Amino acid sequence: MDQVISSLKASQSQALDELFEFLRIPSVSADSQFKPAMQQCADFVLKAMQAAGLTAEIITTKGHPIVYGERIEDASLPTVLIYGHYDVQPPDPLDLWTTPPFEPQIRDGKVFARGATDDKGQVFTHLKSLQACIDVNGKLPVNVKFLIEGEEEVGSDNLDKFLEQSKDRLKADIAVISDTSQYGDGIPAITYGLRGIVAAEVRLTGPSKDLHSGVYGGSIANPANAIAALCGSLVDATGRVQIPGFYDDVAELTEAEKQQFEALPFSESEFLNEIGSGAVFGEDGYSTLERRWTRPTCDINGIVSGYTGEGPKTIVPSKASAKITCRMVPNQNPEKILDSLETFLRDQCPAGLKFEFLRFHGCEGFVLDPTSPWISAASEAVEAAFGKSPVFIREGGSIPVVSSFQQILGIDTLLLGWGRNTDNLHSPDEHFHVEDFHNGTLASAYLWEKLGAVKAS
Numbered sequence: 001m002d003q004v005i006s007s008l009k010a011s012q013s014q015a016l017d018e019l020f021e022f023l024r025i026p027s028v029s030a031d032s033q034f035k036p037a038m039q040q041c042a043d044f045v046l047k048a049m050q051a052a053g054l055t056a057e058i059i060t061t062k063g064h065p066i067v068y069g070e071r072i073e074d075a076s077l078p079t080v081l082i083y084g085h086y087d088v089q090p091p092d093p094l095d096l097w098t099t100p101p102f103e104p105q106i107r108d109g110k111v112f113a114r115g116a117t118d119d120k121g122q123v124f125t126h127l128k129s130l131q132a133c134i135d136v137n138g139k140l141p142v143n144v145k146f147l148i149e150g151e152e153e154v155g156s157d158n159l160d161k162f163l164e165q166s167k168d169r170l171k172a173d174i175a176v177i178s179d180t181s182q183y184g185d186g187i188p189a190i191t192y193g194l195r196g197i198v199a200a201e202v203r204l205t206g207p208s209k210d211l212h213s214g215v216y217g218g219s220i221a222n223p224a225n226a227i228a229a230l231c232g233s234l235v236d237a238t239g240r241v242q243i244p245g246f247y248d249d250v251a252e253l254t255e256a257e258k259q260q261f262e263a264l265p266f267s268e269s270e271f272l273n274e275i276g277s278g279a280v281f282g283e284d285g286y287s288t289l290e291r292r293w294t295r296p297t298c299d300i301n302g303i304v305s306g307y308t309g310e311g312p313k314t315i316v317p318s319k320a321s322a323k324i325t326c327r328m329v330p331n332q333n334p335e336k337i338l339d340s341l342e343t344f345l346r347d348q349c350p351a352g353l354k355f356e357f358l359r360f361h362g363c364e365g366f367v368l369d370p371t372s373p374w375i376s377a378a379s380e381a382v383e384a385a386f387g388k389s390p391v392f393i394r395e396g397g398s399i400p401v402v403s404s405f406q407q408i409l410g411i412d413t414l415l416l417g418w419g420r421n422t423d424n425l426h427s428p429d430e431h432f433h434v435e436d437f438h439n440g441t442l443a444s445a446y447l448w449e450k451l452g453a454v455k456a457s
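Printed below as a string of C-alpha cells:
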C-alpha cells in the first residue's frame, strides 16, 4: 500500500491537470444547448475509466448517457459499486463568479469551477486511486463496478430503469458515493443516515373566474383563504406535524447516537448567522442537529393565488395552490405518508371547492448500522488519509439513488464526502480545496484495501 500512496503523492500535479480538463467541459444537464457537451463529458469519463484499467462503455438512455466500467479481479473478493455523476448545475448567475465557471483556476488553495466538488472532483478521486492501485500492483484488492450518470442534477429520470434492467450486472456487496461533505473544516465525516422525501401539490378551484369581493365575498368559499387554512393546519406552533399517524413509524435515536451528536462541535449562534435567521425553531425535546437530521418534517414550499401586483385588487380568487414536501426518516413509508397527507387535507376542504392532489417524486430515508464492518473499514481509510478519525453524522437531505440501490439492487451505501459545506455547491464560485482533493484520493485508495478485507456476503 505504501507504494500506491507514494505514487499518488508523486502524481498530484498531473491529477489536477486532468481534473481541470474534466472541469472545462460545460456538462449542464438542465439546458439542451449543452447536449453536445454532455456527450463530450461522457466520452471523457469513458476514456478516464479505460485509462484507470477498467473495461468501460457508454450506455444510451432517453436522456443523457450513463458511463459504466468494471474490473472483476476474483469472485471471492467483495464487489464495490461506485456511483457518481458528471453533470453539473447551471452556472447562473454568471456575473457573481470571480472567474468563468468552466475555466478552472486555483486561488487560495482551492480549485474554482462549476462541478469542482459536486461531483466531478469527488468522482475523480476514485478514478485516480483505482488507476494507481492497478499501475503499482497490477490488480485491485476488490472488484469494482463504476456507474457515472449524467442526469443527477435533473432528477435521474432514466437511472432506475437502467438499474432494473441491469440487476445481475450491477450485483455488488456495498455501494460507495462521494457526493456529500465533511462535517466541518478539518473534520472528515462518514454519513450513515439520510432523510427521505415525498412531494405533492394541492390545487383548489372555486368559481369559474375571479369575483368581486364586495359583491360575492362571504357567500362562497375563497380558495386563497382555504389554502392558507389547510397549510396552517399541517404543523403546530412548535413545528410538530399534525397529520394523524405521521410519527407512527418513527424510530427514536439510541442513547449512543444522542451522545455522539452532542459531542459534535456546533455553535447555534454561528448556525443562525450563516443562514441569516434570528432564532432556531422546532419540536420540543430535540437539539438543532437532531431536528435537521433525524426528525420528519412537513414544509410548505410555495403558495400561489390571487392578485400579487402593486396596490389592492378586491377579488375572491378562483384558484389557489400549494407545493408541499415532507422529509421522512428511516422506517417511514412514502406512500403511507402521501395517503395520510391527502386524506388530512381533503377532509378539511370547504364545500364548493374542487380539491386536487398531485403526487411527485419521493424516496425512503436511509440509515446504515454505524457498527457495520463496511463503516469500520471506511473509518480506517479516512483516518489513514486525513490523519484523524471521522465523525459519524446524518444528513437532512435526500439522495434518491441510495434508496434505489436498497430497493432495486438490495445493497447499502457508504456516503464518504471529501468536500465541505462551504464549497458553494450549486452557487457561484463553487470550489474544492486542493488539500481535500488529494486527501480524498488517498482515502479512496485506502478504502479499496480496507473493503477488500471485509468478507463478501
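By the count of the UniProt record's numbering, the sequence shown reaches residue 457 at its end, each step adding exactly one.
Don't be surprised by glycine CBs; every beta carbon is placed ideally from N, CA and C.
All values derive from a computational prediction rather than experimental measurement.
Alpha helix (DSSP H) runs wholly inside the stretch 18 to 80, at least 4 long, in chain order: The qualifying runs are 35 to 52.
Sufficient close CB pairs (3 or more, under 8 Å) joining the stretch 30 to 49 to the stretch 156 to 167: These segments do not touch.
When ASP185, ALA48 and GLY84 are compared against GLU152, the one with the closest alpha-carbon: Of the listed residues, the one whose Cα sits closest to GLU152 is GLY84.
Test item: CB-CB of GLY138 and GLY362 under 8 Å: Not a contact, by the Cβ cut-off of 8 Å.
Close Cβ partners of ASP118 (< 6 Å) along its chain, the five nearest in sequence each way excluded: Excluding positions up to five away in sequence, the list reads LEU425.
Nearest neighbour of ASP92, chosen from VAL454, VAL202, PRO428 and THR441 [CA to CA]: With distances taken between CA atoms, ASP92 lies nearest to PRO428 out of VAL454, VAL202, PRO428 and THR441.
Best match in PHE392, THR413, LEU409 and PRO390 for proximity to ILE399 [C-alpha to C-alpha]: Comparing Cα positions, the closest option is THR413.
Continuous beta strand (DSSP E) stretch holding ALA200: start and end: Start and end: 196 to 205.
C-alpha gap between GLY185 and SER11, whole angstroms: In the sequence under discussion, the amino acid at residue 185 is Asp, which differs from the Gly named in the question. Going by the C-alpha atoms only, they are around 25 Å apart.
DSSP-derived helix/strand/coil call for CYS363: In the structure shown, CYS363 sits in a strand (DSSP, three-state: E or B).
Nonlocal neighbours in the same chain, by C-beta distance under 6 Å from PHE437, ignoring five residues either side: Close CB contacts of PHE437 within its chain, under the 6 Å cut and outside five residues either way in sequence, are with GLY121 (chain order).
Uninterrupted beta strand (DSSP E) stretches inside the UniProt domain "Peptidase M20 dimerisation" (193 to 350) (no shorter than 3 residues): Note on the UniProt domain "Peptidase M20 dimerisation" (193 to 350): whole beta strand (DSSP E) runs with a minimum of 3 residues are 196 to 205, 297 to 305 and 319 to 328, in chain order.
Best match in GLU268, ARG169 and GLN406 for proximity to GLY276 [C-alpha to C-alpha]: The residue from GLU268, ARG169 and GLN406 with its alpha-carbon nearest to that of GLY276 is GLU268.
Candidates PHE405, MET49, VAL142 and PHE20: closest to LEU77 by CA position: Of the candidates PHE405, MET49, VAL142 and PHE20, the one whose C-alpha sits nearest the C-alpha of LEU77 is VAL142.
Residue interval of the alpha helix (DSSP H) (run including ILE5): Where ILE5 is concerned, the enclosing alpha helix (DSSP H) stretches over 2 to 10.
Close-in-space but distant-in-sequence residues of the same chain around GLY309 (CB under 6 Å, 5 per side omitted): Same-chain partners within the cutoff: there are none.
Identified DSSP bridge partners for ALA175: Under DSSP, the beta-bridge partners assigned to ALA175 are LEU81 and THR413.
Buried/exposed call for ASN222, threshold 16 Cβ in 10 Å: When all chains shown are included, ASN222 counts as buried.
Proximal residues to PRO350 (C-beta, below 8 Å), its chain only, five neighbours per side dropped: Same-chain partners within the cutoff: ALA221 and ALA226.
Buried versus exposed, by CB contacts within 10 Å (16 or more), ILE72: Note on ILE72: under 16 other CB atoms within 10 angstroms of its CB, so exposed under the neighbour-count rule.
Cβ neighbours of GLU430 in the same chain (closer than 6 Å, five flanking residues each side left out): For GLU430, where only same-chain residues beyond five positions count, the Cβ hits under 6 Å are ARG114, ALA116 and ASN424.
Closest Cα partner of ARG295 within the set GLY352, GLN332, GLN14 and ASN439: Comparing alpha-carbon positions, the option among GLY352, GLN332, GLN14 and ASN439 lying closest to ARG295 turns out to be GLN332.
Beta-ladder partner(s) of SER181, from DSSP: Beta-bridge pairing links SER181 to GLY419.
Test item: CB-CB of TYR192 and LEU368 under 8 Å: A contact, by the Cβ cut-off of 8 Å.
Cβ pair residue 461, VAL144 closer than 8 Å: In this structure the chain extends from 1 to 457, so residue 461 is not present and cannot be described.
8 Å contact criterion, which PRO65 and ALA42 should meet: CB distance rounded: The Cβ separation is near 4 Å, so the contact holds.
N- and C-terminal bounds of the alpha helix (DSSP H) containing GLN105: First-last for GLN105: 105 to 107, but that is the beta strand (DSSP E), not the alpha helix (DSSP H).
Assigned secondary structure, ASN158 (DSSP; H/G/I helix, E/B strand, else coil): ASN158: coil per DSSP, three-state reduction.
Residues near MET38 by beta carbon distance below 6 Å, same chain, minus five either side: Result list for MET38: SER27, HIS64 and GLY150, in chain order.
Straight-line Cα distance separating SER318 from VAL304: Distance between the alpha carbons of VAL304 and SER318 is about 11 Å.
Check: LYS336 C-beta below 7 Å from any heavy atom of the ligand MG: Absence of the ligand MG is noted for the structure shown, with no ligands found whatsoever.
Beta-carbon spacing of THR238, GLU283 below 8 Å: Closer than 8 Å, so yes.
Segment limits, beta strand (DSSP E) that includes ILE375: It is not in any beta strand (DSSP E) - ILE375 instead sits in the alpha helix (DSSP H) that spans 373 to 386.
Three-state secondary structure (DSSP) of PHE102: Correct three-state label for PHE102: coil.
In DSSP terms, what residue 482 is bridged to: There is no way to answer for residue 482, as the model of the chain reaches only from 1 to 457.
Integer-rounded CB distance, given that PRO390 should sit under 8 Å from SER379: Indeed, because the Cβ distance is near 6 Å, the residues count as touching under 8 Å.
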